[in-house]
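J.:
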Amino acid sequence: MTKILIIEDDPYVQRFYKRLFDTSNHMTDIAGGGAEGLEKAKTMLPDLILLDVMMPEMNGLEVLAKLKADELLKHIPVVMLTVLSDTGTVSEATKLGATGFLIKSEIDPKELTNKVDTYLMNKK
Amino acid sequence: MEISKKIVFIFSILGISVLGIMGLDNLLSNNASVGVTELIMSLLLLANILNYVFFQKSIRTSSFVIVFILLVSLIFMYINGGIGGKTGILWFATFPIVATFLMGDLLGSVGTLFLMAICGVLLHFGFTVFNFIETRQLFASMITILLLIRFYWKHNQEIESKMEHKNQQLNNYLDLIAQESKDGQNKTRVLEKTKMAMINLLEDSRELELKIKEERDKVSSIIKSMGEGLFVLDENHKVDLINPVAEKLLDLTSGEAVGKDWSMLVQTYNGVRPIPTEERSTISALKEGKVILTDLEDNHYYLTKSGRRFPVTSTTTPITKDGKVIGAIKVFRDATKDKVSKEHIESEVINRTAQLSASINSLTLGFIMTNKEGVVSLINMAAKNILKIQSSLGSLSDLNKLLTINPTLVDLVDKSHKESKLIEINDVVFTNKVLHLYISPISTNKQEGPVDIGTVILFEDVTEEKIIQRSRDEFFSIASHELRTPLTAIRGNTALIQDMYKDKLKDKELAEMVEDIHSSSIRLINIVNDFLNVSRLEMGRMEFKKEKVDIVKLTSDIVGELNQMAKEKGLSINVDLPKKSTLTVLADSERLKQVIINLISNGIKYTDKGSINISFEDKGKLAKFIISDTGRGIASANQNLLFHKFQQAGSSLFTRDTTKGTGLGLYISKLMVNGMGGEIALVDSVIDKGSVFMFTLPK
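Dropping the structure here:
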């Protein structure tokens, strides 16, 4: 069982992701914001983190930077969840060490799980 | 004196003295009659000599006279028994012979000798034979006659020779006259020439006179017909000439004016003040020899004797001859109309100025006008409010200190003047305001070209607009994001239901409902994506990568994905591969994909039967993508609406088919292609035949 941490502020989207990954043999946990996400990552030590870019208070890029700055967490692959496909965010996130990107609204649930599985496979 | 004349002279003296002594002797010897005769002879000889000496009579003539006198005296002496009888006569007879000889008349002297001899023989014979004193007197008379005859003959000869001499002289004179007449011919020729020259001169002068007359007529007709009043004054300020206009304006006739002092005819005024005679312009022109101009500003008036008063403008010109002023010409006009129109213009200017400054002050735009030295000449209320200043500004550099612009305002003003064009500067930050500036040079069009007279600086407070603009731009992007998050949940969940809970969707109605929700959410997501893209493209927030993309391969991949959609409509998509099978462009592959998808989907969407054909062209620095369809085509009236926001091909301006999409596809494609450095266009479109689109991209 792989552990996936979903950091996403929208409760409906949170629940959708949880439902999706739960039904596909993953163990998931949810954090509603950046700070909570960082806390949960430290205790849970997930195999993969799905991180939303657009969040209040602390945005995805800041969270990513903190994750990568943490010795304990920096090896965990982080896949950015975004509705924006603007290259500025993508290139910055790549620089900070993001493993991949998923454009939330454009990706079919099945596609999403397939991609996540690919990232997990690559990690192993 | 010639030697012959000297001898005649000596003989004459001798004769005089002998005759004188003998005369005296006879007188003393009581032979009074002989003595007196001899003395008279002597005196006559003396008179002859004196005559020669004092009156320059010919010595020859004198000599004849002497000879004649001597002979006569001899005859008288002989008759009266003087001087020693017969030998005395012979002795005395030698006198005329010698005298004649000595005078060069040899023949004469021989003749005389011969005559004397005959006379002497006859006398001797007569005295001897007849011894009769009376006979002696007869012979003496005969001899006298003979001598006279001879003298006469001699005299004739002399006359002839004289005549010959005179003839000769006359001939000479005739020759001279002939010569003279020859000279005369020459002289005549010269004279003829001179005459011709004189005639020419006369003709020339006639012509000149005609010309002068013509000129004078011209001048006088100009003077008469000119619209201005004109009069000429002599050096004594008296009127010499006056033209009809002046007569009319001044209520004078030429007869009344000519010869009168000008200052007595018309009174001049400066406004209401009469101008003293010595200050009048005509007097000054005469005195100083200067041209004097009087214009409207001088405010001069004429008051005629009939009491008419009118404003005048004039020119007074002195007439000079050899540097001396000999008169003056004054040309003047009734300036009533000019005065009225000037006053009209002035009041108009005042009105306009008032209107203009009211307009300027009521502008919401800041308005500052400077002269060409940069000194502020006008600043309106709005400008003071925007710049938050109480009083006026001094100069451009003061304004420059308030506003931070690079290059400086002064430089920009210079630039606008040099290029004679309006300069616009956006987004000038002033405290917490954003201003929009316009710098415009002001110039007037003079004959010699435009002349800069200053600058107008307009500025607009665009702070509000900027805020509104920003919030409008942000609205799209925020709204799009906010919309997509819940859409993601809808789409995801419906997809999950369809995938994972199929067994629970046995109810067909329910399954259909879930499917409708799902596809609607996808459509909504697409719309939102389009909006977001437009918003970002318009704000210039979309970045384009420059990657090497094989447009042929990319197209083939897209065609692979869209083939199913085409097949469902019974259409085929044909890709005409280029020779090399590859064509690399410099573009952002994701955006390029979007453009190609958009164009192919449009083709499928608007084509009911036939095919969609794609081809490529290598245009050197550019690659060309061409897509044609056999669809319904676009009416030419609507063609120019393509590539605009919310336009759907084939639709009218007011009807929309929302099931077909947002009408943003081609607009987004255009912005994207342009963003990647290419062009997109409709090549051709025919109703019911199809359309051809193309785009280019740099290689």
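Protein chains in written order, with my numbering: chain Y, 1 to 124; chain U, 1001 to 1699.
Backbone N, C-alpha and C fix where the C-beta goes; we use that ideal spot for every residue, glycine too.
Because the structure is a prediction, the values reported are computed rather than measured.
(1) Which runs of the alpha helix (DSSP H) fall wholly inside the region 1551-1639 of chain U and span at least 4 residues, in chain order?
(2) What does the alpha-carbon distance come out to for the pair U/I1083 and U/F1009?
(3) Quick check: the Cα distance between U/S1440 and U/I1423, rounded to an integer number of angstroms?
(4) Got a sec, what are the start and stop residues for the alpha helix (DSSP H) Y/E56 sits in?
(5) Which two residues bound the contiguous alpha helix (DSSP H) that contains U/T1353?
(6) Per DSSP, U/P1311 forms a beta bridge with which residues?
(7) At a cut of 8 Å, does the region 1690-1698 of chain U reach the region 1674-1682 of chain U through at least three beta carbon pairs?
(8) Taking only three categories from DSSP, how would you classify U/F1544?
(9) Quick one: grab the DSSP three-state call for U/K1446.
(10) Give the C-beta separation of Y/L96 and Y/A41 to the nearest angstrom, bearing in mind that I take them to be a contact with Cβ-Cβ under 8 Å.
(11) Shortest alpha-carbon distance to U/T1587 belongs to which of U/G1570, U/M1672, U/R1491?
(12) Roughly how many angstroms separate the alpha carbons of Y/K104 and U/T1408, rounded to a whole number?
(13) Within 7 Å (strictly less), CB to CB, does Y/K95 reach chain U?
(14) Cα separation between U/I1379 and U/K1388?
(15) Quick check on Y/P109 - is its C-beta less than 7 Å from some C-beta in chain U?
(16) With burial defined as no fewer than 16 other Cβ atoms inside 10 Å of the residue's Cβ, what is the status of Y/M54: buried or exposed?
(17) Along the chain, where does the beta strand (DSSP E) that runs through U/P1728 open and close?
(18) Which of the three DSSP states, helix, strand or coil, is assigned to U/F1643?
(19) Quick check: what's the CA-CA separation for Y/E62 versus Y/T99?
(20) Nearest to U/L1365 by CA position, among U/N1385, U/G1374, U/A1354, U/I1350, is which residue?
(21) Pull out every residue of the region 1485-1506 of chain U whose Cβ sits closer than 7 Å to any Cβ of chain Y, in chain order.
(22) Could you please tell me which residues of the region 14-28 of chain Y, in chain order, have their CB closer than 7 Å to any CB of chain U?
(23) Just to make sure I have the definition right: I need the residues of chain U whose C-beta is within less than 7 Å of the C-beta of Y/K40. Which are they?
(24) Please classify U/K1502 as buried or exposed, where buried requires at least 16 other C-beta atoms within 10 Å of its C-beta.
(25) For Y/M54, return the contacting residues in chain U, with the cut-off set at a CB-CB distance below 9 Å.
(26) Between the region 1261-1273 of chain U and the region 1230-1239 of chain U, do at least 3 Cβ pairs fall closer than 8 Å?
(27) When you compare each of U/T1463, U/V1434, U/S1420, U/D1461 to U/G1449 by their alpha carbons, which one comes out closest?
(28) If we call anything under 7 Å between Cβ atoms a contact, is U/T1463 one with Y/V13?
(29) From U/S1306 to U/S1284, what does the alpha carbon distance come to, in whole angstroms?
(30) In terms of DSSP beta bridges, what is U/I1010 paired with?
(31) Excluding the five sequence neighbours on either side, which residues of its own chain have a C-beta within less than 8 Å of the C-beta of U/K1339, listed in chain order?
(32) Quick one: grab the DSSP three-state call for U/Q1390.
(33) Any C-beta of chain U within less than 8 Å: which residues of the region 2-13 of chain Y qualify?
(34) What are the boundary residues of the alpha helix (DSSP H) that includes Y/A65?
(35) At a Cβ threshold of 7 Å, is Y/K66 touching chain U?
(36) Report back the beta-carbon spacing between U/T1396 and U/V1410 to the nearest angstrom; my notes put them in contact at under 8 Å.
T.: With the given structure in hand:
(1) You should have 1551-1568, 1589-1606, 1636-1639.
(2) Because the pLDDT of U/I1083 is 44, which lies under 50, any placement of that residue in the model is unreliable, and the number read from its coordinates should be weighed accordingly. Going from the Cα of U/I1083 to the Cα of U/F1009 covers about 22 Å.
(3) If I take the Cα positions, the gap works out to 6 Å.
(4) Note that residue 56 of chain Y is Pro in the sequence shown, not Glu. Looking at the DSSP string, Y/P56 is not in any alpha helix (DSSP H), and its letter there is neither H nor E.
(5) That run of the alpha helix (DSSP H) goes 1336-1362.
(6) Here U/P1311 is bridged, per DSSP, to U/Y1301.
(7) Counting Cβ pairs under 8 Å, three or more are found: they touch.
(8) Here U/F1544 sits in coil by DSSP.
(9) Strand.
(10) Between Y/A41 and Y/L96 the Cβ distance is about 15 Å, and since that is not below 8 Å, they are no contact.
(11) Residue identity check: residue 1587 of chain U is Ala in the sequence provided, not Thr. Taking the Cα of U/A1587 as reference, the smallest distance to any Cα among U/G1570, U/M1672, U/R1491 is reached at U/M1672.
(12) Computed Cα separation, rounded: 50 Å.
(13) Chain U, which has no Cβ nearer than 7 Å to the Cβ of Y/K95, makes this no.
(14) Going by the C-alpha atoms only, they are around 12 Å apart.
(15) So yes, Y/P109 belongs to the interface.
(16) Result: buried.
(17) Beyond the ends of chain U as shown, which are 1001 and 1699, falls residue 1728 of chain U; an answer cannot be given.
(18) Coil.
(19) Looking at the two C-alpha atoms, the distance is approximately 15 Å.
(20) Of the candidates U/N1385, U/G1374, U/A1354, U/I1350, the one whose C-alpha sits nearest the C-alpha of U/L1365 is U/N1385.
(21) Answer set for the region 1485-1506 of chain U: T1485, P1486, L1487, T1488, A1489, R1491, G1492, N1493, A1495, L1496, D1499, M1500.
(22) Hits within the stretch, in order: F16, R19, L20, T23.
(23) None at all; the shortest Cβ gap to chain U is about 21 Å.
(24) With fewer than 16 other CB atoms across the displayed protein chains lying within 10 angstroms of its CB, U/K1502 is exposed.
(25) Ordered by position in chain U, the residues that pass the 9 Å Cβ test against Y/M54 are H1481, T1485.
(26) The region 1261-1273 of chain U vs the region 1230-1239 of chain U: in contact.
(27) Out of U/T1463, U/V1434, U/S1420, U/D1461, U/S1420 has the C-alpha closest to the C-alpha of U/G1449.
(28) With contacts defined as CB atoms closer than 7 Å, U/T1463 and Y/V13 fail to qualify as a contacting pair.
(29) For the pair U/S1306 and U/S1284, the Cα-to-Cα distance works out to about 26 Å.
(30) Answer is none; U/I1010 lacks a bridge partner.
(31) So the qualifying residues of the chain are L1296, P1311.
(32) In the structure shown, U/Q1390 sits in coil (DSSP, three-state: anything other than H, G, I, E or B).
(33) Answer set for the region 2-13 of chain Y: D10, Y12, V13.
(34) Judged by DSSP secondary structure, Y/A65 falls within the alpha helix (DSSP H) whose first and last residues are 60-69.
(35) Not an interface residue.
(36) The question names Thr, but residue 1396 of chain U in the sequence shown is Leu. That belief holds up - the Cβ atoms of U/L1396 and U/V1410 are roughly 6 Å apart, short of 8 Å.
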